[in-house]
Amino acid sequence: MSLLKVTFVALISTYTTDNDLKSTLWNEIEVHYSSPKRHYHTLKHLENLLQELLGVQDELHHWDTILFTLFYHDLIYDVLKSNNEEKSAEIAVLRMNQLAVSTDSIDHCRSQILATKSHQLANDQDTNYFTDADLAVLGQSWEVYAEYAKNVRKEYSIYPDLLYNPGRKKVLNHFLAMDSIYKTNTFKKKYENSAKENLKKELLGL
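Right, dumping it as structure tokens:
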């Protein structure tokens, strides 16, 4: 059993003893993130995100909520739509209600998923850690970053370069225009400089 599945089952086992429900909820996640249309927003992305978050677990106040956010934040991913975060949050709320998770935790998870839409500074530090971990790929080695960029391009393969490149440039410039891509000192020290270099390098190639 993968670390991802072990983590998910352990998480929801706090809220239910129904093994059929556990299997159903895990299968839903596995099916969505394993869609053949996905090349970056996959189970591997969740695995990498989990590793980043485990590294800062001591800094987080609501670990369960962060994990729910992790598993559901990209559940819906349709390149033709602009409401993927909202739709993913809707399903997260539905599933957490099924598990009788506290209202506070559900609201918190919903706002964290929506925060991944713009990656702006949040008042809540857990949210900042989550959005930073979600963007950790930007600060990896150029080889890892280039693979990420290639996979995102594959997800948008229905669009010709004529349409894709201006949209991608807008995304890259959005991050470069930020005072800081990362909101927490931990991620800022670790990835900020290399992320900016990678973004500039991709921009030059478009």
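Once you know that position 8 of the sequence shown is 7 in numbering that gives the first Met the number 0, the rest is easy, because the numbers rise by one and skip nothing. We put the beta carbon where it would ideally sit given N, CA and C, even for glycine.
In the structure shown, the three-state DSSP call for alanine 176 is coil. If the five residues before and after leucine 198 are omitted, its C-beta is found closer than 7 Å to the C-beta atoms of Leu137, Leu171, Phe174, Leu175, all from its own chain and listed in chain order. Proximity to glutamate 46 across Lys4, Gln124, Lys116 peaks at Lys4, based on C-alpha coordinates. Of the residues Lys36, Tyr32, Leu20, the one whose Cα lies closest to the Cα of isoleucine 157 is Lys36. By the neighbour-count criterion, in which 16 or more other beta carbons inside 10 Å mark a residue as buried, methionine 95 falls on the buried side. Across the set His38, Phe7, Ala148, the C-alpha of Phe7 shows the shortest separation from the C-alpha of leucine 24.
For a cut-off of 8 Å, the C-beta gap from threonine 130 to lysine 195 is around 17 Å, too long to register as a contact. Taken atom to atom, the span from the alpha-carbon of leucine 52 to that of isoleucine 28 is near 19 Å. Shown here, alanine 145 sits in a helix according to DSSP, grouped into three states. Boundaries of the alpha helix (DSSP H) around valine 8: 2-12.
Nearest Cα to leucine 66 within the set His118, Asp123, Ile105, Asp19: Ile105.
When DSSP assignments are scanned along the region 101-126, the uninterrupted stretches of alpha helix (DSSP H) that are 4 or more residues long and fall wholly within it turn out to be 102-114.
The C-beta distance from valine 100 to tyrosine 14 rounds to 6 Å, short enough to fall under 8 Å. Distance from the CA of alanine 114 to the CA of lysine 21, rounded to the nearest whole angstrom, comes to 27 Å. In the DSSP assignment, lysine 182 falls outside any alpha helix (DSSP H), carrying neither H nor E.
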